[in-house]
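Below: the structure, in structure tokens.
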Amino acid sequence: MQFAGVLPEDAPDPRLERAQLVKSMPIPIVEFTPQATVEFADFSVETRGSSESGVDEMSVSVSATLWRNPVDKSDPANLADLDDGTRRSIEEVPPWPRPEWLIEYIEHMRYPMLWEAVRTTWQREDSEYSTLDARLVHHANHILMNQFRQELGLGLHDWDSPALTSERVVRRSVDVAIDGVVLSGAEIDTDPFVYAVGAKLPSGGTLTAVVPREHLPYLTLEFVQRRP
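In the numbering used here, the protein residues as written are 822 to 1049.
Now the structure itself:
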């Protein structure tokens, strides 16, 4: 018998299913250029629409663990600033066995996460929602609503709040390096909590990256296509 909220020890790792789904992305996925401070953690996948030809739109976001001191991962400087509830959920070990992947996931909660930081989006047909400006604002507001809602004083459904960012603050003609090639992109550098940058891809999709400002000193904001 399986109790609500308790995973059996042999529960499958959901990351494997997402990794398989990612293979159906019509264009190459983009991620941070390799750097010691960034460790790949997981994919997030979102699709929209469906027809005989497949989905109409697909986004793949890459999350990563941030190491402030990658030379010594035991350095307390690497630890995230956690609230008491999160800290208890990490340190309290239940009396039943857990899947190894779940134990690993919980352990990584101790460290800062670049959650859904780099996103590649493909669409079958262009629209007003697929412009670079629109994609950049949507991604930035997604991060703000999920990670900074309390700081902004927003409710769960306050997507129209003026506290969020908008296309009017997007600055264009910004250099964005992907696989060593510099593309003309755009940025949002006016928000107090996040920095956002992106570019249209030669493959026809869109790259957007949104990073909390506190993590910027530890990152090189250059990108590469993820190898299969």
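Using N, Cα and C, we set each Cβ at its ideal position, and we do this for glycine too.
**Request:** Just the C-alpha distance for L957 and G906, rounded to the nearest angstrom, thanks.
**Result:** Your numbering for residue 957 matches position 136 in the sequence shown. Your numbering for residue 906 matches position 85 in the sequence shown. Whole-angstrom Cα-Cα distance: 32 Å.
**Prompt:** Could you give the residue range of the beta strand (DSSP E) that holds A1007?
**Reply:** For the purposes of this step, residue 1007 is taken as the residue at position 186 of the sequence shown. From DSSP, the beta strand (DSSP E) with A1007 extends over V1002 to I1009.
**Distance between beta carbons of T854 and E1043, contact taken as under 8 Å** = What you label residue 1043 is simply residue 222 of the sequence shown in a count that begins at 1. What you label residue 854 is simply residue 33 of the sequence shown in a count that begins at 1. E1043 to T854, Cβ: 4 Å. Contact.
**Asked** Hey, quick one: how far does the alpha helix (DSSP H) through S882 stretch, first residue to last?
**Response** As a first step, residue 882 is located in the sequence shown; it is residue number 61 there, counting from the start. Segment E878 to L887 is the beta strand (DSSP E) holding S882; no alpha helix (DSSP H) there.
**Prompt:** Hey, T952 and G1026 are a contact pair by Cβ (cut 8 Å); roughly how many whole angstroms apart?
**Reply:** Taking the first residue of the sequence shown as position 1, residue 952 is located at position 131. Taking the first residue of the sequence shown as position 1, residue 1026 is located at position 205. T952 to G1026, Cβ: 13 Å. No contact.
**Request:** Please determine, among V866, D904, L935 and A938, the residue with the shortest C-alpha to C-alpha distance to A840.
**Result:** Within the sequence shown, the letter at position 19 stands for residue 840. The candidate whose alpha carbon is nearest that of A840 is V866.
**Any 3 or more C-beta pairs closer than 8 Å across the stretch 920 to 935 and the stretch 982 to 989** = no
**Request:** Can you tell me the Cβ-Cβ gap for P1033 and F1014, rounded? I've got them flagged as a contact below 8 Å.
**Result:** Position 212 of the sequence shown, counting from 1, holds the residue named residue 1033. Position 193 of the sequence shown, counting from 1, holds the residue named residue 1014. Confirmed, about 6 Å.
**Message:** What does the alpha-carbon distance come out to for the pair R1047 and V859?
**Reply:** Translated into the one-based positions of the sequence shown, residue 1047 becomes position 226. Translated into the one-based positions of the sequence shown, residue 859 becomes position 38. Straight-line Cα distance between these residues: approximately 14 Å.
**Message:** Measuring only the C-alpha atoms, how far is L977 from D831?
**Reply:** As a first step, residue 977 must be located in the sequence shown, where it is residue number 156. As a first step, residue 831 must be located in the sequence shown, where it is residue number 10. Counting only the Cα atoms, D831 lies some 34 Å from L977.
**Whole-Å CB distance - V1002 paired with V1018, under 8 Å assumed** = If you number the sequence shown from 1, residue 1002 lands on position 181. If you number the sequence shown from 1, residue 1018 lands on position 197. The C-beta distance from V1002 to V1018 rounds to 15 Å, too long to meet the 8 Å contact threshold.
**Prompt:** If you check the beta carbons only, do L1028 and L887 fall under 9 Å apart?
**Reply:** As a working mapping, residue 1028 is identified with position 207 in the sequence shown. As a working mapping, residue 887 is identified with position 66 in the sequence shown. No, Cβ-Cβ distance for L1028 and L887 is not below 9 Å.
**Message:** Using only the alpha-carbon positions, how far apart do T868 and D1000 sit?
**Reply:** The sequence position of residue 868 within the sequence shown is 47, counting from 1. The sequence position of residue 1000 within the sequence shown is 179, counting from 1. Looking at the two C-alpha atoms, the distance is approximately 26 Å.
**Asked** Helix, strand or coil: which one does DSSP assign to E1035?
**Response** As a first step, residue 1035 must be located in the sequence shown, where it is residue number 214. Note: E1035 maps to helix in three-state DSSP.
**Message:** Closest to M846 by C-alpha separation, out of V1031, E1035, V1045 and S1024, would be which residue?
**Reply:** Within the sequence shown, the letter at position 25 stands for residue 846. Closest option to M846, Cα to Cα, is S1024.
**Status (buried if at least 16 other CB within 10 Å, exposed otherwise) for S871** = As a working mapping, residue 871 is identified with position 50 in the sequence shown. The residue is exposed, with fewer than 16 neighbouring Cβ atoms inside 10 Å.
**Message:** Closest to V892 by C-alpha separation, out of P920, Q856 and M966, would be which residue?
**Reply:** Looking up residue 892 in the sequence shown gives position 71. The residue with the shortest Cα to Cα distance from V892 is Q856.
**Message:** For D1012 and S884, I'd like the C-alpha separation in whole angstroms.
**Reply:** For this step, residue 1012 is matched to residue 191 along the sequence shown. For this step, residue 884 is matched to residue 63 along the sequence shown. Going from the Cα of D1012 to the Cα of S884 covers about 21 Å.
**Prompt:** Which one or two residues does DSSP pair with R836 in a beta bridge?
**Reply:** Residue 836 sits at position 15 when you count from the first residue of the sequence shown. DSSP, once it has assigned bridges, lists no residue as partnering R836.
**Distance between L903 and V939 (C-alpha atoms, nearest Å)** = Working through the sequence shown from its first residue, we reach residue 939 at position 118. Working through the sequence shown from its first residue, we reach residue 903 at position 82. Going from the Cα of V939 to the Cα of L903 covers about 23 Å.
**Message:** Which complete alpha helix (DSSP H) runs does the stretch 922 to 973 hold, if anything under 4 residues is left out?
**Reply:** 953 to 968 and 970 to 973
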